[in-house]
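Single-structure report; data block below.
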Amino acid sequence: MDLIWIILMYVLGGAVLLAILGVLFWPGKRSDPNALTLRRVVVTRVIGQLTVGFGILGAVASVGRALWSPETRVELPGVTPFPEVVGADGVRILWGGFDHAAFTMEGADFWGRFWLAMDAALIAALFVTAGFAVIRICDALLAGTPFQTRVVRWLRITAWVGLGAGLGAQLANYFARHLIAGQLEGALPAHILNADSSGMLNRQFLASSQAFTPDFWPVGLWLVLLALAAAFGIGARLQRDNRGLRREVEGLV
Numbered sequence: 001m002d003l004i005w006i007i008l009m010y011v012l013g014g015a016v017l018l019a020i021l022g023v024l025f026w027p028g029k030r031s032d033p034n035a036l037t038l039r040r041v042v043v044t045r046v047i048g049q050l051t052v053g054f055g056i057l058g059a060v061a062s063v064g065r066a067l068w069s070p071e072t073r074v075e076l077p078g079v080t081p082f083p084e085v086v087g088a089d090g091v092r093i094l095w096g097g098f099d100h101a102a103f104t105m106e107g108a109d110f111w112g113r114f115w116l117a118m119d120a121a122l123i124a125a126l127f128v129t130a131g132f133a134v135i136r137i138c139d140a141l142l143a144g145t146p147f148q149t150r151v152v153r154w155l156r157i158t159a160w161v162g163l164g165a166g167l168g169a170q171l172a173n174y175f176a177r178h179l180i181a182g183q184l185e186g187a188l189p190a191h192i193l194n195a196d197s198s199g200m201l202n203r204q205f206l207a208s209s210q211a212f213t214p215d216f217w218p219v220g221l222w223l224v225l226l227a228l229a230a231a232f233g234i235g236a237r238l239q240r241d242n243r244g245l246r247r248e249v250e251g252l253v
């Protein structure tokens, strides 16, 4: 029954979203293309503003919860494989395991909570910067001069913030996991740490959770945004040259 309600809520939410998008973006038969484009830019600008606002609020809430809440929610990646399982009717599990553990703990080390807060703050900084970049681009489009120097500047800022915040958040999360896993290893009873049962928060899982496996999506984001900034920079120069030529022609006339 719960699954049916969840599916219905998703369907209802999707229908409402499609209705809103249809009202905002459906061109209609007699719509002015310029007015439709202007409406889309305005809506995109509002989305950028909401991204900035929710990003800041989310950062404050996440950082405050990580630093001052008595409970700390932690997700530790790791490997806890269980052996081959043979069931009835020829069903056989050749390999399986759990790749992370999510739990809530009390008494987490301050520095572990500090790095969790840094992780949340850096991710929020990425969203806030991207939201500001969207706002600047929309402002330039609404002004009729899309290729502006400040747009190029914000694209470059977003590229470097994305690179630094993306990789920095991964490092901060690694430091937090390393400290909290070490704290758990020193605090948990020996019969839990030395358990051979699969799926337990044992010593093997805690050791594997301290490994650092970087994800390089920030590098791809950085390259794409720098390329986009270069394209906008070329457009800004052409726009300035075109404006200068127009003034010269008007002076001759």
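Mind the numbering: the sequence shown is residues 1 to 253 in full-length UniProt numbering, read in order.
C-beta atoms are modelled at their ideal positions from N, C-alpha and C, and glycine is treated no differently.
Proximity to W160 [Cα-Cα], best of T37, F232, I7, T129
As a working note, residue 160 is residue 160 in the sequence shown. Comparing Cα-Cα distances from W160 to each of T37, F232, I7, T129, the minimum goes to T129.
Answer yes or no: do W115 and A187 have a C-beta to C-beta separation smaller than 9 Å?
One-based indexing of the sequence shown puts residue 115 at position 115. One-based indexing of the sequence shown puts residue 187 at position 187. No, the pair does not count as a contact, with Cβ atoms beyond the cut-off.
Under 8 Å, with one C-beta from each stretch per pair, do the region 130-148 and the region 60-74 reach the 3-pair mark?
no
I want to know whether the region 108-122 touches the region 164-180 - three or more CB-CB distances under 8 Å.
yes
Can you find the residues in the same chain that come closer than 6 Å, C-beta to C-beta, to G107, ignoring five residues on each side of it along the sequence?
Taking the sequence shown and counting its residues from 1, the one referred to as residue 107 is at position 107. Excluding positions up to five away in sequence, the list is empty.
Determine the direct distance from the alpha carbon of T104 to that of A69, and round the result to whole angstroms.
By one-based count along the sequence shown, residue 69 stands at place 69. By one-based count along the sequence shown, residue 104 stands at place 104. Before going on, a small fix: residue 69 reads as Ser here, not Ala. Cα-Cα distance, rounded: 11 Å.
Just to confirm, is the Cβ distance from C138 to R45 under 9 Å?
Within the sequence shown, the letter at position 138 stands for residue 138. Within the sequence shown, the letter at position 45 stands for residue 45. In this structure, R45 lies closer than 9 Å to C138 by Cβ.
For P214, count the other beta carbons within 10 Å of its own beta carbon; 16 or more makes it buried, fewer makes it exposed. Which is it?
Here residue 214 refers to the residue found at position 214 when the sequence shown is read from its first residue. Looking at its Cβ environment, which holds fewer than 16 other Cβ atoms inside 10 Å, P214 is exposed.
Are the beta-carbon atoms of G182 and L221 separated by less than 9 Å?
For this step, residue 182 is matched to residue 182 along the sequence shown. For this step, residue 221 is matched to residue 221 along the sequence shown. Not in contact: G182 and L221 (Cβ atoms no closer than 9 Å).
Assigned exposure category for A140 - 16 Cβ within 10 Å defines buried
Taking the first residue of the sequence shown as position 1, residue 140 is located at position 140. Result: buried.
Between the CA atoms of L67 and A117 - distance to the nearest angstrom
Stepping through the sequence shown from its first residue, residue 117 is reached at position 117. Stepping through the sequence shown from its first residue, residue 67 is reached at position 67. Spanning the two alpha carbons is a distance of roughly 7 Å.
Does the beta-carbon distance from G14 to F127 come in below 9 Å?
The residue given as residue 14 occupies position 14 in the sequence shown. The residue given as residue 127 occupies position 127 in the sequence shown. Taking 9 Å as the Cβ cut-off, G14 and F127 do not qualify as a contacting pair.
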